[in-house]
Structures are given as C-alpha cells and as structure tokens.
Amino acid sequence: MSMQQGRSHLTPGARLWRNRQFNIFWFGQTLSVLGDSFAVIAIPLLVLQATGSVATMGLVTGVFGVGQVVMGIFAGLLVDRLDRRKLMIFSDLARTLLYLTIPICWYVYGPQLWLIFVVVALGSCLGMTFQITYVTTIANLVDTDQITEANGRMQVTYAIAFVLGPVLAGAVSGSFGSSVAISFDALSFFVSAFSIFFIRLKPQQTLPPVSMKGNVRQEFLAGLQFLWKQPVLRWVTILLFFLTILTSGAMDLFMFHLKHDLKQSDSVVGIVFGLASLGSLAAGLMIPTLRKRLGFGFCWIAGFMLNCLFLGLIGVSGQLSLIALMAVGFTFTSTMAGVTSMSLRQEITPDHLLGRVTSAFWTITAAPGPLGAAFFTALTEKLGTPMVSLIIGGVGMLVVGIAIFTPIRQKYPERAANRLLALEADQPLEILPGEPQSALPMVSNEIFLTTTGKQRAIKVGTKDL
5 MSMQQGRSHL TPGARLWRNR QFNIFWFGQT LSVLGDSFAV IAIPLLVLQA TGSVATMGLV
65 TGVFGVGQVV MGIFAGLLVD RLDRRKLMIF SDLARTLLYL TIPICWYVYG PQLWLIFVVV
125 ALGSCLGMTF QITYVTTIAN LVDTDQITEA NGRMQVTYAI AFVLGPVLAG AVSGSFGSSV
185 AISFDALSFF VSAFSIFFIR LKPQQTLPPV SMKGNVRQEF LAGLQFLWKQ PVLRWVTILL
245 FFLTILTSGA MDLFMFHLKH DLKQSDSVVG IVFGLASLGS LAAGLMIPTL RKRLGFGFCW
305 IAGFMLNCLF LGLIGVSGQL SLIALMAVGF TFTSTMAGVT SMSLRQEITP DHLLGRVTSA
365 FWTITAAPGP LGAAFFTALT EKLGTPMVSL IIGGVGMLVV GIAIFTPIRQ KYPERAANRL
425 LALEADQPLE ILPGEPQSAL PMVSNEIFLT TTGKQRAIKV GTKDL
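The sequence shown runs 5 to 469 under my numbering.
This is the structure:
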C-alpha cells in the first residue's frame, strides 16, 4: 500500500494532525489570540479608567464596528485578488506598529482617549482584512471534510488562550496599567506574521483579469449575490443582522456589570473572563461530533437560543460564581453556533468567491453593531444592566425562534448544496446509504447558484432528480 493510499484510510482528524502547514498556522494563531485576549480586557479598562462611562465604552465598540463595516466592503475583493499569505503578513505587521503606539504614548504623554479611537478604528480595518483572509486560508490549508475539525481545533486552543489571557491581562493591568497589557497584543501580531511566513497555501482559484468597470462592480457584489441565493446562508445572514443589533454591546455590559454594579477589581474581571473561555474550549472539542450527529440546524438554533438566554440571566445575577457559570454557557453556545455557521460557508462556497462571500457576510452582520452597542450601553445608564440584559436576551430568543420556520432547520444543508454543484457540473449525484429523499434540496422548488460568474436557476424536485 502506498503512502497516499494509507493516508486516504485515515479519518479527517488523523490526517489533520499530519498537516504540517495547518499545524504551523495553528500554533502561530494560538499565540496571536493569547495577545488578543489581553486587548479584550485592557482596552475597555483603559476607557473605563479614563472616563468611568459605559456609554463611552459603547462608543469605542461602535467605532470598532464602523471600521469593520467600512473595510468589509473592500476586504473580500482584496482577499480574492491578492496573495492571501502576504496580505495576512502585512495586516499583522501593521497592527504590531499600530497597537504599540498606545503604551508608548501613555508612557510619554499620559492617557490620550483620542488615540484609543484612532487605534481601534484602524485596527478594526486591518483586523477585518486579516479575519476574512484567515477564513479562506483554512479552506486552502485543509481538505473539505476537515474544515469543521480544523475550525474546532482552532477554537480549542483559542479558548485555552482566552482562559490564560484575561487572567494574565487582569493581573498585568492591575500591577502595571492597562496600557502595558496592550503591548502583549502588539507582540502577538508580530509572532503571527512570523509563523505565516513559513506556511504555503494551496493554489487559489483565479479569475480572468477584469478590465471593465461594470465587471468589477459585478464581481464585488458576487459575494452578496451568493449569500442571498443560498437559502440557508440567506436566513443565517438576516437573523444575525438583528442579533448583532442586540448583542454587539454585550461585552461592555458584562464588564460594566462586574466593575460598576458588583464593584469587582480588574483581576477578578480577568479571572471571570478566563473561566468563561472554558465554554469555548469545550465547544471546540465537541463541535465536530455535535455537528455530525445533531446537524447544522440544531447546533445553530439551540446555540443562539441558549446564548441569548444566558446573556439575559448574566445581567440580573448578583452572585459572582453564578455569573461565571453562565458565562461558560454563553461562550459554549456562541462558539458552537459560530463555528457551525462559518464551517458551512467554507464548505459550500467556491474558493474564488470565498473572500467576497465572507466579506459580505461579516459586513452585513456587523453593520448594525455600532448602533446597537451605542444604543444599549446608553440605555444601560438610564435603566441599569439587569433591565437591559433582560430586554436583549428576551428579544434575541424571539429572533432566533424564527429560524425554526426557515431552511436553517435542515440537518445537513451542505449535502443539498453539493448536489446542486454536482448538477451544475453534470456530475453524478452521491446518495449516502439510508439517506432519506428529504435530504435532497427542496427549498421553494428553486435554488440559485453562482459558481462560474453566471447566475443560473436550477429547478429541483423529486421528478426532476
């Protein structure tokens, strides 16, 4: 038996352990996220220490969201057109220099609130570019049947980093100041760029050069068109748009509740956030099995439904141990639903469109974030954290409940999409043993695909198949 044949008999998870390129990328991003976890704690604490206002924290969050939305419009096209590896290295090195300005400025001139807004705005643009490239990179590093496993594995180590990071960030902030903690984030971006230098990606699917302005605009909108014409992705995008309005300020509310309502120290805040990351760790370990056995619909709907429930309950609880426990549930459910959603997009989106599809998805779902964060943090100053948390959690559960009546409830939507892609390429359909006819694509009797730059409607139904 040849080495190639031997590898083909390995499970997707076993083959992933032998993927050197993925493992290098995995290691580098784990260290990078460890630095990110410092900034998650340090920047809000800097704002709170300088102003004492949760509304100002919400404005900073809003600026971050605006930067993501603006860059999201262009980032997808850049990712699909440029060398993805070089684009990630550039984004990381630029963020290294950008975030270093905060500790340097704080040391030389003292607190400068305006600088936080500038760094957050530019950092969010660079971060959006990197994150969109990161999603496409996973698909270029692993096989299709390994995508969920790879995403889950990344989440496991991310969670470990976020267990240690907030605890260390809280300790560093309490001892040396929050500005010093941000320097760790800057260093982590350099480590990430260094690791990416050593990986090599699979060749990207390329498109013919575009010379006409109309074609550029058409290709720019291709990501949005693909999302809209895939029933499951369309409904996921719509519902997450409204969920973003509700939950974009959740981190600020959580931290304000601990610091203002419960009078906890920076170190305690870091410990609670670190413990909360255990939920994400557990979800990362379990998501490949949950996704396979329970299906997409259950993981997405149950994940976000419980996520909103935990969010509402955290705000009304006054017991630190109970808050930490519910925070674990919050991160578990958000990770389960988020990885499920991201993996589906990676599985069914053609490579030459993946950057623009990811960009369109994140731009649309992030667009209402700044308004939501500013509104609910301002409302918190008037009504208090408990009331606002209950409002967000209750309305969020109603929004998620709509998914039960949409194609999101499908167990294996990727199979229907792959069958349609096979039909598009005139390839024979693969019917899994014992799989019911209901697994075939049957959404509104019509599903649209965008695979080669053309839009084509494929009528599907028992008779046609």
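Just so you know, even glycine gets a beta-carbon here, dropped at the ideal spot from N, CA and C.
Q | Backbone CA spacing between A54 and C312 [nearest angstrom] | A | 31 Å
Q.
Beta-carbon within less than 7 Å of S183's beta-carbon, same chain only, minus the 5 sequence neighbours each way: which residues are those?
A. L50, I106, P107 and W110
Q. Could you check where the alpha helix (DSSP H) with Y113 kicks off and where it finishes?
A. Looking at the DSSP string, Y113 is not in any alpha helix (DSSP H), and its letter there is neither H nor E.
Q) DSSP state of S215, grouped into three classes? A) Per-residue confidence for S215 stands at a pLDDT of 39, beneath the threshold of 50, marking its modelled position as unreliable; no derived number is given.
Q. When the Cα atoms are used, what is the spatial distance from Q268 to I45?
A. 14 Å
Q.
If I measure Cβ to Cβ from A143 and keep anything under 7 Å in the same chain, skipping five residues before and after, which residues do I get?
A. I151, Q350, D355 and L358
Q: Kindly indicate which residue of H261, L225, R89 and L257 has the alpha-carbon position closest to the one of I203.
A: R89
Q. Tell me which same chain residues have a C-beta within less than 7 Å of the C-beta of D270, skipping the five on either side of it?
A. L49, G174, S177 and G178
Q) In angstroms, rounded to a whole number, what distance separates the CA positions of R157 and A185? A) 27 Å
Q.
Please report the straight-line C-alpha distance between L285 and T410, rounded to a whole angstrom.
A. 30 Å
(Q) Closest to P475 by C-alpha separation, out of V64, F246, P235 and M259, would be which residue? (A) For the chain, the structure presents residues 5 to 469; residue 475 sits outside this window and is missing.
Q. What is the DSSP secondary structure of R85, counted as helix, strand or coil?
A. helix
Q: Find the nearest neighbour of L52 within the set I200, P372, G181 and T251, judged by alpha-carbon distance.
A: G181
Q) Whole alpha helix (DSSP H) runs in the stretch 26 to 111 with 4 or more residues, listed along the chain? A) 58 to 85
Q. Three-state secondary structure (DSSP) at T518?
A. Nothing in the structure corresponds to residue 518, since the chain is present only between 5 and 469.
**Q.** Residue burial classification, Y113 (beta-carbon count within 10 angstroms, cutoff 16)
**A.** exposed
Q: In the DSSP assignment, find the alpha helix (DSSP H) that holds K206 and state where it starts and stops.
A: Run containing K206: none; DSSP gives neither H nor E here.
Q. Whose C-alpha, out of I395, I368 and T65, is nearest the C-alpha of L231?
A. I368
Q: Could you round the C-beta distance between I396 and G316 to whole angstroms and report it? I think they count as a contact, below 8 Å.
A: 7 Å
Q.
By alpha-carbon positions, which one of R19, F94 and G319 ends up nearest to M255?
A. G319
Q: Would you kindly work out how many angstroms separate the C-alpha atoms of V37 and E418, rounded to a whole number?
A: 29 Å
Q) Quick one: what's got a C-beta closer than 7 Å to G76's C-beta in the same chain, skipping five residues either side? A) M132, S363, W366, T367 and A370
Q: Pull up the distance between the alpha-carbon of T353 and that of D189, whole angstroms please.
A: 32 Å
Q) Closest to G227 by CA distance: which of L383, F68, A18 and L82 is it? A) L82
Q.
My assumption, with CB atoms under 8 Å, is that S325 sits in contact with G69. Please give the rounded CB distance.
A. That belief does not hold up - the Cβ atoms of S325 and G69 are roughly 32 Å apart, past 8 Å.
Q) Excluding five sequence neighbours on each side, which residues of the same chain lie with their C-beta closer than 7 Å to the C-beta of T148? A) E351
Q: Could you please give the first and the last residue of the uninterrupted alpha helix (DSSP H) stretch that includes V361?
A: D355 to A370
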